[in-house]
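A.B. asks: Right, I'll just put the structure down here and ask away after.
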Amino acid sequence: MKVGRKGNLTNGDVPLPFKPRSAVESERFYAFARKFLLTPKGTGAKMPLKIHEFQRGIVSDVLDSGARTVGVMLPRGSGKTTLNAAIALYVLFCWGEGANVVVVAVDERQAGLAFNAARRMVELNDDLSSRVHVYRDRLELPLTDSTFRTLPASPAALEGLDIVMGICDESGVISRDVFEVVQLAQGKRERSVVVAIGTPGPDPHNNVLADLRLYAEQNPDDASLRFREFSAAGFEHHPVDCSHCWDLANPALEAGFLHRDALVALLPPKTREATFRRARLCQFVTDTDGAFLPAGTWDSLEVREGIEDGTDVVLALDGSFSDDTTALLLGTVATEPHFDVLAVWERPPGDDSYRVPVSEVEQAIRDACRRWNVVEIIADPFRWTRTLQALEAESLPVVEFPHSPARLTAATGDLYSAAINQRMTHSGDPRLAAHVGAAVITEDARGIRLSKASRSRNARKIDLAACLVMAHSRATWRATRKPTRRRVASFN
């Protein structure tokens with residue numbers, strides 16, 4: 001279903017008024033950008049698109065070199081999304097019949113970033129928008145039967161492609177199978193290119209971008225591959241706030257659309273050092289232990305008594321059915337909340353017949369609602385839908401917290417920042433300390449999330465830590481919102 005112009009295009013059968021004189025492809029692209037493209041967002045939004053000096057090398061690699069694969073490693077905030085979108089639109093309009101362009105990434109949301117930038121550029125120019133059908137996930141140019149599409153990051157969904165340009169975004173974490181399917185789609189055209197672009201990924205053994213970099217170093221005479229990087233790789237021994245490394249890896253600082261104070265605001269311990277080095281310095285580093293919090297952080301937080309009766313609280317539930325632990329955690333509604341364990345149910349060692357006493361869990365929640373002013377009962381509905389429905393039927397304030405990557409990434413980051421900056425307290429319960437200490441980080445292009453160190457049945461439990469992520473997110477959100485009236489449950 002279309003999301004843009006409906007019906008017939010006013011110039012659908014009229015060629016684009018563009019006749020560049022240069023024989024150099026990159027120069028024709030610059031002319032195209034000057035005439036048709038506006039910056040879609042951010043610094044300079046709706047102003048003529050500016051191709052910065054450091055970006056010109058990337059453009060030349062993609063359009064002039066004749067390479068079939070171009071690898072580009074550069075930090076976040078370097079304008080890669082906008083540049084990809086601009087080059088893709090040039091190819092769509094200027095590479096003739098059936099000039100099909102695709103963009104893939106770790107998921108369709110990530111791939112949609114470049115597409116949405118291209119869509120917005122089209123909308124901002126009448127010459128382009130009068131010739132292109134705009135849909136939710138693709139652009140269609142009827143005059144040449146050309147398309148620009150985002151596609152699922154699934155090898156099966158990508159089979160049979162016929163493309164002149166493929167953009168593989170976040171290639172440090174993209175699936176190798178996905179990348180290879182896009183690469184193999186090139187052989188059908190005399191002229192085509194795949195652009196693999198991104199920052200180093202956390203897994204050195206499954207990293208398309210790192211493999212391309214290594215191959216380019218070992219085979220400098222292979223004209224089918226060009227690799228360009230902007231990084232402080234090799235200076236991992238320098239401190240994370242080294243200005244030399246910042247300038248080396250971030251040409252966008254000099255270009256003026258990446259702001260130095262934004263990097264300062266993200267310095268460890270506000271973000272994890274390994275994450276900062278990969279994302280902002282393009283250095284190849286891995287976490288030594290993967291722990292969620294740096295050593296000593298939890299113990300450094302202030303320990304207070306439990307929560308007084310009648311206090312406004314949120315109650316988080318992280319539950320299982322049989323094998324894992326089920327936990328309930330209380331958090332006070334405050335910008336700097338206080339946390340205390342309400343109850344924990346664990347499978348006894350060696351008891352394979354154990355099942356979580358669901359009725360006990362539900363009754364513990366009801367009892368808590370009598371003792372404290374529970375403004376929210378928070379849980380992922382997976383496996384606990386019936387319990388949440390039953391509690392909600394009793395007029396208890398149930399709030400579902402689905403464990404989607406986007407939601408968990410934001411909530412985990414907020415909790416990490418609060419712990420590092422001592423904007424929270426706890427009751428000193430050793431069970432909570434043990435679960436937080438057992439939590440490690442799963443990291444990909446979508447961000448960070450808590451996980452177990454192992455999926456083994458005997459792995460240390462993190463259920464209270466999962467409760468802490470949810471409770472902190474909702475308690476601080478509640479503290480910044482005006483109170484609303486809610487129905488009060490009646491207990492007979």
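In full-length UniProt numbering, the protein residues as written are 1 to 492. Where a beta carbon is used, it is the ideal one built from N, C-alpha and C, also for glycine. Computed from a predicted structure; not experimentally measured.
1. So what does proline 48 bridge to, in DSSP terms?
2. Confirm, please, whether the CB-CB distance from valine 193 to valine 59 is below 8 Å.
3. How many whole angstroms separate the CB atoms of residue 525 and leucine 315, which I take to be in contact at a CB cut-off of 8 Å?
4. Is any non-hydrogen atom of the ligand SAH found closer than 7 Å to the C-beta of asparagine 207, if you look at the structure I gave you?
5. For phenylalanine 227, which beta-bridge partners are listed by DSSP?
6. Valine 122 lies in the alpha helix (DSSP H); which residues open and close that run?
7. Between the alpha carbons of aspartate 107 and proline 152, how many angstroms are there, rounded?
8. I'd like the list of long-range same chain contacts for glutamate 362, defined as Cβ closer than 8 Å, with 5 residues on each side in sequence excluded.
9. Which two residues bound the contiguous beta strand (DSSP E) that contains asparagine 84?
10. Using the DSSP secondary-structure output, state which residues sit across from isoleucine 378 in a beta bridge.
11. Spell out whether any CB of chain D is found under 8 Å from the CB atom of serine 320.
12. Tryptophan 345 lies in the beta strand (DSSP E); which residues open and close that run?
13. State whether the region 167 to 183 contacts the region 37 to 51, with contact taken as three or more CB pairs (one from each stretch) at a distance under 8 Å.
14. Answer with buried or exposed for leucine 184, where buried requires no fewer than 16 other C-beta atoms within 10 angstroms of its C-beta.
15. May I have the straight-line CA-CA distance separating glycine 331 from leucine 258, to the nearest angstrom?
16. Do the CB positions of valine 208 and arginine 228 come within less than 8 Å of each other?
17. Please classify threonine 147: does DSSP put it in a helix, a strand, or coil?
18. Whose C-alpha, out of Met47, Arg56, Trp477, is nearest the C-alpha of lysine 80?
19. Kindly indicate which residue of His133, Ala433, Phe292, Pro357 has the alpha-carbon position closest to the one of glycine 12.
20. Going by the CB atoms, is the gap between alanine 117 and leucine 37 shorter than 8 Å?
21. So, with DSSP's three-state summary, where would you put arginine 56?
22. Can you have a look at threonine 82 and say buried or exposed, based on whether 16 or more other CB atoms are within 10 angstroms of its CB?
23. How would you call valine 264, buried or exposed, if buried means at least 16 neighbouring beta carbons within 10 angstroms?
24. Using only the alpha-carbon positions, how far apart do serine 26 and aspartate 221 sit?
C.D. replies: According to the structure shown:
1. Note: proline 48 sits in a beta bridge opposite Leu38.
2. No, these two residues do not count as a Cβ contact at 8 Å.
3. Absent from the structure is residue 525, since the part of the chain shown begins at 1 and ends at 492.
4. No copy of the ligand SAH occurs in the structure displayed, which carries no ligand at all.
5. Beta-bridge pairing links phenylalanine 227 to Gly71.
6. For valine 122, the uninterrupted alpha helix (DSSP H) run begins and ends at 108 to 123, by DSSP.
7. A straight line joining the alpha-carbon of aspartate 107 with that of proline 152 spans about 6 Å.
8. For glutamate 362, same chain residues with a beta-carbon under 8 Å away, outside a window of 5 residues either side, are Thr387, Ala390, Leu391 in chain order.
9. No beta strand (DSSP E) contains asparagine 84, which is instead part of the alpha helix (DSSP H) from 80 to 94.
10. Per DSSP, Ala316, Val399.
11. This model lacks chain D altogether, as it is built from one protein chain only.
12. Where tryptophan 345 is concerned, the enclosing beta strand (DSSP E) stretches over 338 to 345.
13. Contact between the region 167 to 183 and the region 37 to 51 is absent, because fewer than three Cβ pairs lie under 8 Å.
14. Exposed.
15. The straight-line gap separating the alpha-carbon atoms of glycine 331 and leucine 258 is approximately 38 Å.
16. Going by C-beta atoms, valine 208 is not nearer than 8 Å to arginine 228.
17. Strand.
18. Measuring C-alpha to C-alpha distances from lysine 80 to each of Met47, Arg56, Trp477 identifies Arg56 as the nearest.
19. When the alpha-carbon of glycine 12 is set against those of His133, Ala433, Phe292, Pro357, the nearest one is in His133.
20. Taking 8 Å as the cut-off, the Cβ atoms of leucine 37 and alanine 117 do not count as close.
21. Arginine 56: helix per DSSP, three-state reduction.
22. Counting every other CB atom within 10 Å of its CB across the protein chains shown gives threonine 82 a total of 16 or more, marking it as buried.
23. Classification for valine 264: exposed.
24. Rounded to whole angstroms, serine 26 to aspartate 221 spans 22 Å at the Cα level.
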